[in-house]
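Worksheet for the structure shown next.
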Amino acid sequence: MQKRPTHSAVSQFIATVLPPKTNDVQFLYHTPRNPRYNPDTARVDEIVHGVTPTSGVYDHIAFDPLGAQSSATRAVLPRPPCTICFLHRPFNLERRRVRKGTLVLATHTSFDENLTVGWNIALAERLGMKSEESICVQGYKGDPERKIGIIGKVNVLCELLQRRIKIEFGGVEYFQPGSSDQIQVVAIMNAFNADEVYRVLEMAQQKGWITSGEKAGRHVMYLTGQPRDSGLRTAEEHGVAVACVGHVAAEEWGIRYLAGRLQAAFPGLAVKEVTEFAARWESPRKRSRTMSDEAQTSVLSTKKHRRTSNCPHPCPHKMDAVRPTRHANWKTQCAICLEEYFDTPTDREQVVPVKMGCGHVFCRECIETHLSSNIRCPLPWCEAQLQLQPDDCELCAYWEKSHADYLVVTVRAKEMAGSIKDELERLATESSFFKLSKTEKTRLMSYVSDTLKQYEWQYHSGIDLAELLDPFLRVLDPAIAREHYGSSLYTPATDPSIFPPRANDPDDYPAGREPWIAAFFRQWALEYEKENGEVKEGWGVWANKTQGQTYDSWEWEWPYKRIMAHKTASDGHIQYLVKWIGNRYPASWVDREQLADGSHDKYDEQHGIVHPGPA
């Protein structure tokens, strides 16, 4: 039988994959406190990998309360495995929860440099680059030694390369095509701005891989994490194709790669990956309360969101409005409610007919209610089951990806508002820092109530719900919001560890500057999701439409956080790249008309945008 490896052996192997950096976190982040602990003799049964210390990580490394039982009871229980845990961002690790004998290793800078989108030799080779012929992009933000990218030669169609990237990362958050279908140079970069795009082009020209002149980067693919305004504009100007895989996907690629290397090096070990970035989370306050019981017993940047697909197969959630002139005279009633189309009954809004992907027509209200729990056609004789078409329909693919084993909660405005109010009051009793004035509480709860009513009976994840409730994330001018709600709500928590880490879009706020109320809503929403979450199909009941609003296509209101970039469409009008609230949708391009009036004015002023003629 193969002898189990030691802590030293595993640590040394990881250090060869992720070389130590002087400005990195402590590699031996948490070591066993036993005075007899010896890393050269301590054996390992399993290795757990995670980006952050989520609940899934704690499931493997946390102290087992059963260990506190009598020795007679413990005698029949199996011993917990001897575990090493690797974390990329360990900053919120609660050391008191870590099981005795568990070693926690961590690298932040080295991991970012070597295993995300940057100086990632393994990824470069998987994409067809020859590492020995590639060049290193080195030096960033005053650190001349920092490696932030790799540039290498390839010879591949852009479409094929994009497909390879999707396979590696599970998708692409945003893609901006270049000026050519043929890619000859790939740059994998950990930074994305105008200066770095120019640096990539200059280095490629010095190697003779591309020529100078207009659209010099037409054969270059720039692979990075998050889309950035200046980088996108400069890339478009020089014909460079851009693939942005997202911050989370890049980190999770590194976790999977490291796990694979360890599995190959130590085949006898159980190697586990925990990539539940938006995992369940329990606050220390609630956890201690639960453990004790168990031991004894403004202006919103909102648009009408239209999703369309050019694929020949219908999206299961796509419905087209049927106008009176197009509707067949022989079928004038909804098959579900039997109301006449285009009538306005006394107890409901106008009965608007919509045509589903299978070709059958129902009134919008009935089919919305039906699709909130079932994506099959309501007609029993219809063989079409409105199956997802992830291979052909972009929306279906995203729906399937985001709803696989995906917990959602049904928004119930009154119940949720009461729960939030109770939790705020409980928080205030534990620390005066969180105590709100009467005016602050009134304005905040008014916003909470209005928001919950707007999305009532819809299905949303905890992350989506938390960001919807954040009063500072959706506003056009944070200064006005601070004045309205009070600066105390915008202040960061004195002890951020009592709230769950901001896993979804951590750059929404500057590092260490997230308002405590935003962290509170994330805590509340994730706990509510844990207690009440269900796996459901559909989106729930769509937002109520205002009187006089037309029903030309499938649409509902969904807010965005910010405008990330802009471009000029073929018709000369400006389009905007917007980042949506939560993780329901990837960043996407929208027309000016799809944004709320005035919501783009500040961005236009900052970027010198002048719109041609009337909107």
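The opening position of the sequence shown corresponds to residue 1 in my numbering, with each subsequent residue numbered one higher. For glycine and all other residues, C-beta sits at the position ideal for the given N, C-alpha and C. Since the structure is predicted, the reported quantities are computational estimates derived from the model, not experimental observations.
Rounded straight-line distance, which links the Cα of residue j to that of residue i
i: V448; j: T494; result: 24 Å
i: A270; j: T102; result: 15 Å
i: L28; j: L105; result: 5 Å
i: F433; j: V25; result: 30 Å
i: L262; j: I14; result: 8 Å
i: I188; j: Y490; result: 36 Å
i: L476; j: Q12; result: 49 Å
i: T107; j: E527; result: 29 Å
i: R228; j: A525; result: 29 Å
i: T451; j: Q226; result: 28 Å
i: S618; j: R584; result: What is shown of the chain runs 1 to 615, which leaves residue 618 out entirely.
i: D505; j: A596; result: 23 Å
i: P20; j: A264; result: 22 Å
i: N114; j: L232; result: 24 Å
i: S497; j: S487; result: 21 Å
i: M129; j: A587; result: 28 Å
i: P501; j: V57; result: 14 Å
i: H60; j: Q594; result: 46 Å
i: I210; j: F192; result: 20 Å
i: R164; j: V242; result: 14 Å
i: A503; j: E94; result: 17 Å
i: C136; j: N23; result: 20 Å
i: G572; j: C366; result: 40 Å
i: G142; j: N190; result: 15 Å
Counted within 10 angstroms of its Cβ, other Cβ atoms place residue i as buried (16 or more) or exposed
i: T442; result: exposed
i: P5; result: buried
i: G254; result: buried
i: V248; result: buried
i: R33; result: exposed
i: Q523; result: buried
i: L427; result: buried
i: R199; result: buried
i: L157; result: exposed
i: G268; result: exposed
i: P510; result: exposed
i: A466; result: buried
i: E605; result: exposed
i: I480; result: exposed
i: P144; result: exposed
Whole-number beta carbon distance between residue j and residue i, since they are thought to touch under 8 Å
i: L577; j: W589; result: 5 Å
i: I581; j: K602; result: Contact flag wrong, Cβ pair sits at about 18 Å.
i: L123; j: E168; result: 7 Å
i: Q184; j: V154; result: 6 Å
i: A216; j: H238; result: 6 Å
i: H7; j: P39; result: 4 Å
i: K567; j: E236; result: 6 Å
i: C244; j: V172; result: 7 Å
i: P515; j: P492; result: 7 Å
i: V44; j: C82; result: 5 Å
Contact set for residue i: own chain, Cβ-Cβ below 7 Å, skip 5 residues either direction
i: E251; result: V51, H88 and T116
i: G618; result: Outside the modelled stretch of the chain, which goes from 1 to 615, sits residue 618, for which no answer is possible.
i: I574; result: H566, T568, R592, I609 and H611
i: N120; result: N114, I150 and I188
i: S134; result: A124, I150, I151 and G152
i: E339; result: Q333, P345, V351 and C363
Sequence-distant residues of the same chain with beta carbon closer than 6 Å to residue i, five excluded per side
i: E529; result: L407, V409 and G462
i: T234; result: A194 and V197
i: M416; result: L452
Any non-hydrogen atom of the ligand NAP within 8 Å of residue i CB
i: K272; result: Among the components modelled here there is no ligand, and therefore nothing to report on the ligand NAP.
Cutoff 8 Å; reference residue i; Cβ partners in own chain excluding five residues on either side
i: T275; result: G50, V51, E252, I255 and R256
i: L18; result: T107, S110, F111, N114, L115 and L258
i: I47; result: V10, T83, I84, C85, F86, A259, L262, F266, L269, A270, V271 and K272
Which runs of the beta strand (DSSP E), 3 residues or longer, sit entirely within the region 587-612? 588-591
Which runs of the alpha helix (DSSP H), 4 residues or longer, sit entirely within the region 173-217? 194-206
What runs of the beta strand (DSSP E), each 3 residues or longer, lie entirely inside the region 94-158? 103-106, 135-140 and 143-157
Residue ranges of each beta strand (DSSP E) run of no fewer than 3 residues wholly in the region 218-247, ordered along the chain? 220-224 and 241-244
Considering only residues of the region 6-36, which uninterrupted alpha helix (DSSP H) runs meet the minimum length of 4 residues and lie entirely inside it, listed in chain order? 7-17
Extract the residue ranges of the alpha helix (DSSP H) inside the region 504-534, only unbroken runs of 4 or more that lie entirely within it. 516-532
At 4 residues or longer, what runs of the alpha helix (DSSP H) sit wholly inside the region 405-465? Here the runs fully enclosed are 413-430 and 438-454.
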